[in-house]
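Enquirer: Starting off with a structure, shown below.
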Amino acid sequence: MLPPPGSSLLVQPLPEPAALARGIRLLLVRDDLLHPQLPGNKWRKLKYNLQAAQQQQQSTLLTFGGAYSNHLAAVAAAGKLAGFQTIGIVRGEELARQPLNPTLAQARADGMQLRFVDRTTYLRRHEAAWIADLQRETGPAYVLPEGGTNALALPGCAELVAELRAHTPFDYLAVACGTGGTLAGIVSGLLPPEKAVGVAALRGGEFLQAEVRTLLQPVGKEDAAGNWTIHTEFHHGGYARFSPDLLAFIQTFQQRHGVLLDPIYTGKLLWGILQLVEQGYFAEGSTVVAVHTGGLQAWAGFRQRFGARSAWWPFPEPGE
Ligand SMILES: *Cc1c(COP(=O)(O)O)cnc(C)c1O
């Protein structure tokens with residue numbers, strides 16, 4: 001079982017000029033502070049999955065992820081904390097021949113067994129036959145899909161909505177989307193007239209609409225007419241891509257609010273929300289709440305890949 005999160009929900013006002021000018025109350029849920037090793041939505045998505053794994057008397061968690069995956073890092077940390085063996089199937093055979101990047105090094109340090117597969121093989125990550133083959137090699141395991149997104153990921157994310165409502169009434173709850181599992185969980189926890197807004201972190205995020213509907217079907221919320229939307233135009237080039245503009249925005253945001261956003265998800269979320277504010281998307285007088293879902297472990301890899309070598313890298317190097 002996962003230990004309970006260390007802190008209760010922290011909600012911070014964001015006095016952004018664009019929001020103030022339009023009479024919009026903009027707030028940030030600091031879910032990044034939820035748990036030191038398991039920040040934000042990854043803790044919430046794993047919570048009921050780990051309970052299920054325990055009920056099924058599984059001692060091993062097996063999951064999938066890319067080279068810099070927040071989910072792999074979270075599963076490795078969860079396994080260490082909750083006493084499961086962990087196996088990570090990593091996309092990219094070549095990664096095994098290089099020094100491990102900071103994400104994978106930390107996952108291994110947390111006890112995760114890493115198995116590297118080539119990109120074509122990795123495409124089979126949803127195929128039951130391949131997953132069964134894998135378990136013939138690794139032994140039986142509780143299988144978590146990529147990103148930890150499955151039916152049991154939803155109730156943990158829905159709890160965030162209830163915690164927020166107990167804290168303050170709101171009109172919009174906004175979250176960054178990778179697989180859409182977190183957004184689906186949030187939608188499943190909404191009460192009318194509350195609305196959810198997703199911001200896709202990847203290019204071509206239009207598929208997320210169907211994905212979220214499918215995830216909502218078992219809880220009968222897929223037709224919750226018009227109470228959620230996904231915005232796909234704020235990806236800055238695609239998943240794990242970024243622009244100098246985005247990094248400068250993250251730096252300004254940190255100076256203004258004392259909060260570091262991550263480069264893959266929450267930087268794009270806050271950028272997108274402020275664009276929508278300026279476009280008049282939110283009615284005057286409304287309360288808009290963004291969720292800081294964590295993801296800060298990604299900075300170590302970004303710094304290693306781009307930091308010292310880029311003229312426009314806006315962050316001080318460690319020790320400066
Ligand atoms: C994984 C992740 C997301 C995306 O969650 P999904 O449920 O896959 O949409 C958002 N923010 C952060 C920081 C994440 O690590």
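Letter by letter, the sequence shown follows residues 1 to 320 of UniProt numbering.
Backbone N, C-alpha and C define an ideal beta-carbon position, used for all residues, glycine too.
Since the model is a prediction, treat every value here as computed from it, not as a measurement.
#1: Helix, strand or coil: how does DSSP classify Ile186 here?
#2: Suppose contacts are defined by Cβ-Cβ distances below 9 angstroms. Is Phe64 in contact with Tyr122 by that definition?
#3: What does the Cβ neighbour count give for Ser69, buried or exposed, with the cut at 16 atoms within 10 Å?
#4: What residue from Leu26, Val187 and Ser8 has the CA that sits closest to Thr287's CA?
#5: Please name the residue, chosen from Leu72, Ile89 and Arg91, that lies closest to Asp110 on a Cα-to-Cα basis.
#6: Over what stretch of residues does the alpha helix (DSSP H) that includes Phe302 continue unbroken?
#7: When you measure from the CB of Thr179 to every non-hydrogen atom of ligand 1, does any distance come out below 8 angstroms?
#8: Helix, strand or coil: how does DSSP classify Thr293 here?
#9: Buried or exposed: which applies to Arg44, given that a residue is buried once 16 or more other Cβ atoms fall within 10 Å of its Cβ?
#10: Name the two residues that bound the continuous beta strand (DSSP E) containing Ile87.
#11: Among all the DSSP beta bridges, which residues are the ones paired with Ala74?
#12: Could you check what DSSP says for His35 in three-state terms: helix, strand or coil?
#13: Glu320 by DSSP, collapsed to three states: which one?
#14: Do you know offhand how far Arg305's Cα is from His257's?
#15: Can you find at least 3 beta carbon pairs, one from the stretch 270-285 and one from the stretch 227-237, that sit closer than 8 angstroms?
#16: Could you tell me whether any non-hydrogen atom of ligand 1 is closer than 8 angstroms to the CB of Lys221?
#17: So what does DSSP say about Arg124, is it helix, strand or coil?
#18: In its own chain, which residues sit with a C-beta less than 6 angstroms from the C-beta of Leu222, not counting the 5 before and 5 after it?
#19: How big is the Cα-Cα spacing for Leu247 and Gly204?
#20: Taking 8 angstroms as the line, does the beta carbon of Ile264 fall inside it for any heavy atom of ligand 1?
#21: Please classify Leu191 as buried or exposed, where buried requires at least 16 neighbouring CB atoms within 10 angstroms.
#22: Please state whether the Cβ-Cβ distance between Ala181 and Gly147 is less than 9 angstroms.
#23: Exposed or buried, what is His35 when buried is set at 16 or more other beta-carbons lying within 10 Å of its beta-carbon?
#24: Using only CA atoms, which one of Ala162, Thr266, Ile250 and Phe170 lies nearest to Leu9?
#25: Could you compute how far the alpha carbon of Pro15 sits from the alpha carbon of Ile89?
#26: Return the first residue and the last residue of the alpha helix (DSSP H) that Leu270 is part of.
Expert: In this structure, then:
#1: helix
#2: yes
#3: buried
#4: Leu26
#5: Leu72
#6: Ala298 to Phe302
#7: yes
#8: coil
#9: buried
#10: Gln85 to Arg91
#11: According to DSSP, which records beta bridges pairwise, Ala74 is partnered with nothing at all.
#12: coil
#13: Its pLDDT being 48, under 50, Glu320 is placed unreliably in this model, and the value from its coordinates should be taken loosely. It is coil, neither helix nor strand.
#14: 27 angstroms
#15: yes
#16: no
#17: coil
#18: Correcting the residue type first, residue 222 is Glu in the shown sequence and not Leu. Closer than 6 angstroms at Cβ, skipping near neighbours: Arg213 and Leu216.
#19: 21 angstroms
#20: yes
#21: exposed
#22: Here the sequence assigns Gly to residue 181, which means Ala is not the residue at that position. In contact: Gly181 and Gly147 (Cβ atoms closer than 9 angstroms).
#23: buried
#24: Ala162
#25: 42 angstroms
#26: Thr266 to Glu278
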